[in-house]
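Engineer: Numbering (this note's numbering), first residue to last: 908 to 980. My questions will all concern the structure given below.
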């Protein structure tokens, strides 16, 4: 009974909580990128410069690859 209880707790409490925390991190990073682009555009910089600065200062993270990668020996 304890094993079933532990599995249900993992399935319905811990896994969804972790997924929501990861989704929150992704949302915050994307919001920061949008705010940075908006601030650069507001300063009157050309679109090419805004694109270059955005790509330079924000590293693209492969979230799915980080989460679902297989452990290697």
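Glycine included, C-beta positions come from ideal geometry on N, C-alpha and C.
Have a look at 910, 926 and 917 and flag the residue whose alpha-carbon is nearest the alpha-carbon of residue 975.
Structural biologist: That would be 926, whose Cα lies nearest to the Cα of residue 975.
Engineer: Evaluate contact between the segment 955–971 and the segment 926–943, counting only Cβ atoms and requiring at least three cross-stretch pairs below 8 angstroms.
Structural biologist: Touching, yes.
Engineer: Residues in its own chain within less than 7 angstroms of residue 966 by CB, not counting five upstream and five downstream?
Structural biologist: No residues qualify anywhere along the chain.
Engineer: Rank 943, 935, 917 and 920 by C-alpha distance to the C-alpha of residue 962 and give the top, closest one.
Structural biologist: When only C-alpha atoms are compared, the closest one is 943.
Engineer: For residue 924, which three-state DSSP category applies?
Structural biologist: Helix.
Engineer: So the alpha helix (DSSP H) residue 965 belongs to, where does it begin and stop?
Structural biologist: It is not in any alpha helix (DSSP H) - residue 965 carries neither H nor E in the DSSP assignment.
Engineer: When you compare only the Cα positions, how much space is there between residue 924 and residue 913?
Structural biologist: C-alpha separation (whole angstroms): 15 angstroms.
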